[in-house]
Structure formats: structure tokens, C-alpha cells
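**Student:**
Numbering (the working numbering), first residue to last: 527 to 682.
Below, the structure written as C-alpha cells:
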């Protein structure tokens, strides 16, 4: 009986997570189709940052950049953050390591995270990377970088 109770609880949380993710994706899709969505671009020394305003509110931040390591590898980074009323609701982060700059020898890591009230609600991660490191705090690091970009854009 205890097993069934625990199993039912896990299924309920799984259904709630799926319902929340579906609501977030529906919300994003609706706004991205809106003609009221306005795109802006900011060039930075480490890449390009795009941001979208919807009805004068920040809705989406996207940043693309790359850096060269001392070992002659290239790391390409992509970030996408979606907001609702100024709070992060969905983040997508991707890192692509090009060994010796070679596009045929790559290591890819990506993660999609969903947030509610500035708390990590759900994560999907692909590839080998940060999320395999027990010391890495996905919630803390995602919110930190998101806040840095958001603050930088507010200074523009």
C-alpha cells in the first residue's frame, strides 16, 4: 500500500510538471506570434545579445558568443531566457566545444530549465557537461547569469 501511495505521488508531481511546462510553452508561443513583439540587438565584446520587448516589458533575452581556450579549442555558447512579468520562466543553455576548432570533433551540452517564482521547477539536459558535476548548482548559476544579462540590458 505504501508503494502505491508513493507511486501515485510521483505520478501526480510528474503530471503537474508536464502541465506547467505546457502552460509555459503555450504562453511563449502566443507572444512570439504577436506583432507587438519588438526585437533589439546589442553588440558586446564577447558576442551578440538580442532582446525582445512585449508591450514595453522584457520578454526574451538571447545571447550568442564564442571564446577560444588556451588549448586552441573553441567554445560556442547560446543562451535563451524567457520572462513573464520580469521573472524567469524558461531557460535554454547550450555549449558546443570544438576540439582544436574542428567542427567534426565536438562535444555538446545543453539544458532546458523551467522556473516558477525564481525556483527551478524542471530540467532536461543533453550531452556531457555541467549538469553531471555534483558541485554545479543549475538553479543558482542559471539565475545568476540571467540576472547579469538582464541588468546589463537595463543599463543600455
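For glycine and all other residues, C-beta sits at the position ideal for the given N, C-alpha and C.
In or out: residue 645 buried (at least 16 other Cβ within 10 Å) or exposed?
**Tutor:** Flag for residue 645 reads exposed.
**Student:** Run through DSSP, which three-state label would residue 555 get?
**Tutor:** Residue 555 falls in the helix class under three-state DSSP.
**Student:** Residue range of the beta strand (DSSP E) that residue 662 falls in?
**Tutor:** That residue, residue 662, is in no beta strand (DSSP E); it is neither H nor E in DSSP.
**Student:** Kindly confirm or deny that the segment 573-592 and the segment 628-641 touch, where touching means at least three C-beta pairs closer than 8 angstroms.
**Tutor:** With the cut-off at 8 angstroms, the segment 573-592 and the segment 628-641 do not touch.
**Student:** Determine the extent of the beta strand (DSSP E) in which residue 610 is found, giving its start and end residues.
**Tutor:** Where residue 610 is concerned, the enclosing beta strand (DSSP E) stretches over 600-610.
**Student:** Count the C-beta pairs between the segment 658-675 and the segment 601-610 that are closer than 8 angstroms, then say yes if the count reaches three, no if not.
**Tutor:** Taking 8 angstroms as the limit for Cβ pairs, the verdict is that the segment 601-610 does touch the segment 658-675.
**Student:** CA-CA distance, residue 592 and residue 663?
**Tutor:** Distance between the alpha carbons of residue 592 and residue 663: 23 angstroms.
**Student:** Quick one: measure Cβ to Cβ for residue 600 and residue 627, integer angstroms, because I've assumed they're closer than 8 angstroms.
**Tutor:** Yes, residue 600 and residue 627 are in contact; Cβ-Cβ is about 5 angstroms, under 8 angstroms.
**Student:** For a minimum of 3 consecutive residues, which ranges assigned as the beta strand (DSSP E) are wholly contained in the segment 616-643?
**Tutor:** Within the segment 616-643, the complete beta strand (DSSP E) runs of at least 3 residues are 632-642.
**Student:** Over the uninterrupted beta strand (DSSP E) stretch that includes residue 592, give me the two end residues.
**Tutor:** That run of the beta strand (DSSP E) goes 583-594.
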